[in-house]
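Visitor: First, the structure itself, so that you have it in front of you.
Residue numbers (our numbering): 374 to 1541.
As C-alpha cells, then:
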C-alpha cells in the first residue's frame, strides 16, 4: 500500500521523474531529496517523520543501512539516478582561441599593419622611365639591382615572424593552462573522505561519494555533500560559507540534522546519510542559479583560496566577466571594466590580507621603467628617421613632392615605422612574465617530488625570502608515532610498561575500559602491512599510543567497543583546544552513568579529587598530593621529552540524571586512574634540517600545545635551542602576560620585547599562534619586514595559516580546514620538506635574476644599436625580422633555459634577500654594463669599419629593396652569437668564476643553446632575403664565433673587477627599488593590514601580470600613473600567474566550494 501511495505521489509531483526513479528502483526521487535539504531545524525533522517515518525509513528508501552502509553493487545506478559528486568543469580553451588571443597584442597588430602596407606598396612602380631620378633617394639603386620584385619579401617575412611569435605564445599559454589543470586535479584527488561500505570504514576520493553513502564526519572535515545526521556527538558546524552566520551551529539528530556541503565541522563527530551530491547539493544549486555552474566553480575556488567571504554580487560580476581560472590567464586585452567593478576590486583589496610576493613587487616596478624607456627610444628613432629623410630630400636637395612618388615616400615612412616598432619590441621585456611563469611552474612540478604540494604559486617564491618559521611539534618535528613508554598507576611510577600481573584486576579493567571507549572509534591499531614492520596507527596518534598501551597490557580494545557501539555512547564531550580533554559518558546496566575522561595531565589532575591506590580503591587526592605528583612524576617524564596524559573517571547516579550541558559541574570531582608518558621520537632528519635553516638565516620557533618541559626537551633534541644561548622558552599563559597591557590588549611594543628571543611557545592555543605570527609580521624592529612561514594541522590553525606569508598544512594529519587555509601542503608532514621549499623559493628568485641579467644586456645593446644605427645610417643594422628572432631567443628560449636551473645546496648558505634589496644587485649591474660595453664596441666596430676589416662591400646607406649585404649579415650573426655565449655567463649572478659549473645537470639549457646555434646557422646560410642574410664562408663564421666566445673571456675580466671600485653601481641597482612607500604612510595608519608594497603592487599588477603586452602596457602605465586612482579597475587583467597565485585551492569537488555569504551579502568582511 505504501508503495502505491508513493507512486501516486511521484506521479502527481514529479511527472517525468517517475520512470527514472522506478528504473533505479529507489523509493525517493532527486527532487524530493532536494526539497528535503532546503528545510532546516525542526521543519526538517517533522518532514522526515511525516514522509519516511524516521531516519531508518529514509535509509530503506535509499536502499542503505545506517550501520553497514552501501553494499557497493549499485553504485553506477546511483550515479545515474542521483548524479555524481562533481560539478562539470569549464572546457579548456582550444588552441585556436589561444592563438586569437595572442593576436590581440597591440604591438603585433601594429607590426602586421605595417607589414601589410609595406607588402602592398612594394608592388607599386612609379610611371615613367626616369622616375628613379625624379623620386630622389627613394628609388635609387633598387631597379639597377633588378631586385624590385623581391621587395615584397620583407613584408611577408615580418608577417611570418608574427605568426611564429603568436604560435609560440599560444603554445606557452596552452601548456600553462594544462599544467594548472593538472595541479587542480592533483589537489582534487588529494581529498578523501571516510565512508562506511559493507560494514567497513574506507577512505574514498570525494568524487566517488554517492547518495545513500553513510559518511563518518569528524572535527576538521569539510563536508563533501549534503546529508542528514544519523548520530552525532557534540557536533558543531561552521555554516558561514553558505549563510554568512559566523556562530557555530549545533547539530543534533533529533533537533537539527541537516548538514550541507561546503560547511566545516568545528567540533565533535558523527555519521551522516548522504542525500544530495554535485549539482543537486545546496552549493551546487546556488551555482546553477548563478547560471554559470562551471565557471563559478573555479572562480569560487579562487575566491576561497584567499578571501573566504567576498560578497555574492562580486562573484557574479566576476563570473560574467571571466571564464574561470584557466581562462583568466589568457584573457584578451579588452578593457571593459566599469566603475562598479572598480568599487568591488577596492573592496576586495581591503579584504585580501596577504601581501603580494616580494618578486612580483620588484618586477612590476622594473617592467614599468623599462617599458617607458623603450617607448621613448622608439618614438625618438622614428622622429629622427622621418626628419632626416624629409630634410635631406626636400630641403637640402630641394626636390619637389611628386604625386607619383608618394607611394615610394610612404614606403620609406613605413620602413622607418617598422624600425621604430622593432626597437620597442626589443626594449619591452615581455619575456619576464613568461620567465616567472615557467620558473614557478617548473618549481611547483619539482616540489611535488619533494613532498610540497603548492596551492598558491607565489608562496613558492615567498618561501625563498622567509626569515622565520613557526613550526608545530607533533608530526612535523617528531615522527607522530606515539608509543606509551612509562606510566604511573596504583601509586607506583613504572619507568617502562608494567607486566599486567603487577596491576590489580580492578585498576586494569577501569584503565582498559577508559581508554577503549573514551577515544574516537575511528582510531585503530592495525597489523603491520610488511613483515617485521611496525603496526599501522590509524586516526588520532595520541589515542593510538594509549590503545597501544592496552595491547601492551595483553588486553584487546575491540571486544569492549563491540559491546558498547558508538551509537550507544550516552554523551561525548569531544576534544577541543579550550577543553584540552575528551570525556565519554556511558549508561551502566543498573541505570547509573559512568564518565571516562582523558587529557593533558596537569589539566585533568586539577579536576581530580580522588586517585586509585594500589588495591584499585579510590583514596583522597589532596592539593599537596597533586603538587608532589607533578614534581615526582609529571616533570621527570616531561624532561625526558614525554607527553603526559592523565586517564580518569567519575560515576553519576541514575536519579536525578545530571544536567549534561552544565559542563563545569560534570567535568569535575574525577578519580584519577593513571598518568601515561607517551613518547613521540624526533624525526631523524630534523636536526640537520634545522641547522641548514639557521645557516640560511632563518629562525625556527616551536609552537606547541604540549607541556613546557616536554617542548623544551624536544627543542634541545632538534637543535632549536642550545644550552647556554640567550633564548626564551615560555608557555601560553606567560606569553600573554608579557605581551598584553592591563586592559588585555596586545601591544606591539611589548611583543617586540618577546619575539626576537622566543624559541619555544608551549601550551599555546591557536589564538596565541595567530598573535605571535601577527606580532612578528607587524614588527618594525628590523630593517627588513619579517617573512613568516607557519605550519598547522588543526582547524583552529586556520587564522594563523592565513595570516602567515606562507602557510604549510599537514597532508596526513591536517584537517581539510587547515589545508584550505594554507599555501603549501606538506604531503609527508615532514619539517625537512619545508627546507626544500626554501631552497626552491630561492632558486626561483635567482632564476629570474639570471634571466633579467641576460635580457637587460640584450635590451640595452639592441636598443642602442637600432637607435644609433638608424640615426647615423638611416637604417637599423638589425632588421625587423632579425630583431624578432633575437626577441624569440631572449624571451622564450632564454626564459626556458635559465628558469629551469635546478637548485643547489649553496642557496642555503646565504641570508634571505629581504624586501628592500634591489632586484638588480650591484654585481648584476656590473655584468649588464660590462657585457653591454663589450657588445656595443664589437657591433659598432663592425658597423663602421667592418667592410675594411673583412674586405667586403659596405652595407650602409643601402637603398630600399636592395639585396642583403654580407656586411650586415656578419653584424647580425656576431650579435646573436654574443647573446648565445652571454647566456652561459648569465647562469651565475653572484660573481662566480666557473660559469660552466653544473651545466650538464640542466639538459634543457644545453639543448636550447645548441638548438639556437643550429637554427642560427640555417638562418644565415639559407635565410636569404626574408632574414636579410647572405651566406657566409667558413672564415667569416670563425670570426663571428671567435667574437662570440670573447664574451666568456670578457666575463672573467668583469668578475675580476671588485664592486667596491664601482661606487656608481650602488645607485644603479636601486633602479628597481624606487621608493617602497611613496606617500602612503597616512593611509597605512588607517588600514594597517594592507602593506605598502601591496598598495604599490595593485598599480603594478595591471602591467606586470597581464603579460606586459608591450605597447598596450605602456599606454596603461602612462594613463594609470597619470590618474593615480584608476588602477583598481584594471586589476582584473592579470596573467596566469595571478590566477594561479590565488586559486589553486584544496577543494576536491566543486560541491565544496565556499559560497561566502551567498545568502547574506551584508555579513561583515574578514571572518575566518
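Don't be surprised by glycine CBs; every beta carbon is placed ideally from N, CA and C.
Work out the CA separation of residue 455 and residue 445 for me, nearest whole Å.
Guide: As a first step, residue 445 must be located in the chain shown, where it is residue number 72. As a first step, residue 455 must be located in the chain shown, where it is residue number 82. The alpha-carbon atoms of residue 445 and residue 455 are separated by roughly 15 Å.
Visitor: Please determine, among 1269, 1249, 449 and 1321, the residue with the shortest C-alpha to C-alpha distance to residue 1228.
Guide: For the purposes of this step, residue 1228 is taken as residue 855 along the chain shown, with counting starting at 1. Checked all of 1269, 1249, 449 and 1321; the closest Cα to residue 1228 is 1269.
Visitor: Tell me whether residue 1130 is buried or exposed, calling it buried when 16 or more other Cβ atoms sit within 10 Å of its Cβ.
Guide: Mapped onto the chain shown, residue 1130 falls at position 757. Counting Cβ neighbours within 10 Å, residue 1130 comes out exposed, since fewer than 16 surround it.
Visitor: Should residue 1274 and residue 1329 be called a contact, given that it needs their Cβ atoms to be closer than 8 Å?
Guide: Taking the chain shown and counting its residues from 1, one reaches residue 1274 at position 901. Taking the chain shown and counting its residues from 1, one reaches residue 1329 at position 956. Their beta carbons are not under 8 Å apart, which means residue 1274 does not touch residue 1329 by this criterion.
Visitor: Helix or strand or just coil, what does DSSP make of residue 1073?
Guide: For the purposes of this step, residue 1073 is taken as the residue at position 700 of the chain shown. Three-state DSSP puts residue 1073 in a strand.
Visitor: Excluding the 5 residues preceding and the 5 following residue 1187 in the sequence, name in chain order all residues of the same chain whose CB lies nearer than 6 Å to its CB.
Guide: Within the chain shown, numbered from 1, the residue matching residue 1187 stands at position 814. Excluding sequence neighbours, residue 1187 sits near 1166.
Visitor: Who are the near neighbours of residue 1065 in its chain, counting only those whose CB is closer than 6 Å to its CB and skipping five residues on each side?
Guide: Position 692 of the chain shown, counting from 1, holds the residue named residue 1065. The answer, listed in chain order, is 1208 and 1281.
Visitor: For residue 769, does the count of other Cβ atoms within 10 angstroms reach 16, so buried, or fall short, so exposed?
Guide: Here residue 769 is taken as the residue at index 396 of the chain shown, counted from 1. By the 10 Å Cβ count, residue 769 comes out exposed.
Visitor: On the three-pair Cβ rule with 8 Å, is the stretch 1288-1300 touching the stretch 1075-1082?
Guide: Counting Cβ pairs under 8 Å, fewer than three are found: no touch.
Visitor: Verify whether the separation of the beta carbon atoms of residue 844 and residue 1058 is less than 8 Å.
Guide: By 1-based counting over the chain shown, the position of residue 844 is 471. By 1-based counting over the chain shown, the position of residue 1058 is 685. Contact: no.
Visitor: Taking contact to mean at least 3 C-beta pairs separated by less than 8 Å, is the stretch 784-804 in contact with the stretch 1248-1255?
Guide: As far as the Cβ criterion goes, the stretch 784-804 touches the stretch 1248-1255, which means the pair count is three or higher.
Visitor: Would you check if there are 3 or more beta carbon pairs closer than 8 Å linking the stretch 1410-1429 to the stretch 1343-1363?
Guide: Yes, they touch.
Visitor: What residue range is occupied by the uninterrupted alpha helix (DSSP H) comprising residue 1219?
Guide: Walking along the chain shown from the start, residue 1219 turns up at place 846. Start and end: 1204-1246.
Visitor: Per DSSP, which one or two residues make a beta bridge with residue 824?
Guide: Counted from its first residue, the chain shown places residue 824 at position 451. DSSP output for residue 824 lists no bridge partner at all.
Visitor: DSSP three-state label for residue 1277, please.
Guide: Here residue 1277 is taken as the residue at index 904 of the chain shown, counted from 1. It is coil, neither helix nor strand.
Visitor: For the stretch 1011-1099, which segments carrying the beta strand (DSSP E) assignment without a break, of at least 3 residues, lie completely within its bounds, in sequence order?
Guide: Qualifying beta strand (DSSP E) stretches, in chain order: 1015-1025, 1043-1052 and 1072-1076.
Visitor: Measure the Cβ-Cβ separation of residue 853 and residue 914 and say whether it is below 8 Å.
Guide: By one-based count along the chain shown, residue 853 stands at place 480. By one-based count along the chain shown, residue 914 stands at place 541. Yes; because the gap between Cβ atoms is below 8 Å, this pair is in contact.
Visitor: Are the beta-carbon atoms of residue 888 and residue 920 separated by less than 8 Å?
Guide: Here residue 888 refers to the residue found at position 515 of the chain shown. Here residue 920 refers to the residue found at position 547 of the chain shown. Closer than 8 Å, so yes.
Visitor: With DSSP collapsed to three states, give me the class of residue 962.
Guide: Position 589 of the chain shown holds residue 962. Coil.
Visitor: Counting pairs of Cβ atoms below 8 Å between the stretch 810-819 and the stretch 1192-1199, do you hit three or more?
Guide: No: the two stretches stay apart, fewer than three of their Cβ pairs being nearer than 8 Å.
Visitor: Which of the three DSSP states, helix, strand or coil, is assigned to residue 611?
Guide: Along the chain shown, one-based indexing puts residue 611 at 238. The answer is strand: DSSP assigns residue 611 an E or B state.
Visitor: Let's see if you can read the secondary structure: which residues bound the alpha helix (DSSP H) around residue 1181?
Guide: Within the chain shown, numbered from 1, the residue matching residue 1181 stands at position 808. Taken as a continuous stretch (DSSP letters only), residue 1181 belongs to no alpha helix (DSSP H), being part of the beta strand (DSSP E) at 1179-1183.
Visitor: Hey, quick one: how far does the beta strand (DSSP E) through residue 589 stretch, first residue to last?
Guide: Your numbering for residue 589 matches position 216 in the chain shown. Element bounds for residue 589: 587-591.
Visitor: Helix, strand or coil: which one does DSSP assign to residue 1304?
Guide: One-based indexing of the chain shown puts residue 1304 at position 931. If DSSP states are grouped into helix, strand and coil, residue 1304 belongs with the helices.
Visitor: Assuming residue 1020 and residue 1049 make a contact with CB atoms under 8 Å, what is their CB distance in whole Å?
Guide: Counted from its first residue, the chain shown places residue 1020 at position 647. Counted from its first residue, the chain shown places residue 1049 at position 676. Yes, residue 1020 and residue 1049 are in contact; Cβ-Cβ is about 7 Å, under 8 Å.
Visitor: Tell me the rounded alpha-carbon separation between residue 760 and residue 1234.
Guide: The residue you call residue 760 lines up with position 387 of the chain shown. The residue you call residue 1234 lines up with position 861 of the chain shown. One C-alpha to the other measures close to 24 Å.
Visitor: Out of 1074, 1026 and 440, state which residue places its alpha-carbon closest to the alpha-carbon of residue 938.
Guide: Locating residue 938 in the chain shown gives position 565, counting from the first residue. Comparing Cα-Cα distances from residue 938 to each of 1074, 1026 and 440, the minimum goes to 440.
Visitor: So the beta strand (DSSP E) residue 909 belongs to, where does it begin and stop?
Guide: Here residue 909 is taken as the residue at index 536 of the chain shown, counted from 1. Start and end: 909-911.
Visitor: Just list the residues that DSSP pairs residue 605 with in beta bridges.
Guide: Locating residue 605 in the chain shown gives position 232, where the first residue counts as 1. Answer is 643.
Visitor: Could you tell me if residue 709 is buried or exposed, where buried requires 16 or more neighbouring beta carbons within 10 angstroms of its beta carbon?
Guide: Indexing the chain shown from 1 puts residue 709 at position 336. The predicted model places residue 709 with a pLDDT of 29, which falls under 50 and marks its position as unreliable, so this point remains unresolved.
Visitor: Mapping the DSSP letters down to three states, classify residue 1360 as helix, strand or coil.
Guide: In the chain shown, counting from the first residue as 1, residue 1360 sits at position 987. Coil.
Visitor: Rounded to a whole number of angstroms, what is the C-alpha to C-alpha distance between residue 410 and residue 460?
Guide: Residue mapping note: residue 410 aligns to position 37 of the chain shown, counting from 1. Residue mapping note: residue 460 aligns to position 87 of the chain shown, counting from 1. Computed Cα separation, rounded: 18 Å.
Visitor: Taking buried to mean at least 16 other C-beta atoms within 10 Å of its own C-beta, is residue 1413 buried or exposed?
Guide: Taking the first residue of the chain shown as 1, we reach residue 1413 at position 1040. Buried, because 16 or more other Cβ atoms sit within 10 Å of the Cβ of residue 1413.
Visitor: Compare the beta carbon distance of residue 966 and residue 982 with 8 Å and say whether it is the shorter of the two.
Guide: Here residue 966 is taken as the residue at index 593 of the chain shown, counted from 1. Here residue 982 is taken as the residue at index 609 of the chain shown, counted from 1. Their beta carbons are not under 8 Å apart, which means residue 966 does not touch residue 982 by this criterion.
Visitor: If you follow the alpha helix (DSSP H) that residue 837 is in, where does it begin and where does it stop?
Guide: The residue given as residue 837 occupies position 464 in the chain shown. Run containing residue 837: none; DSSP gives neither H nor E here.
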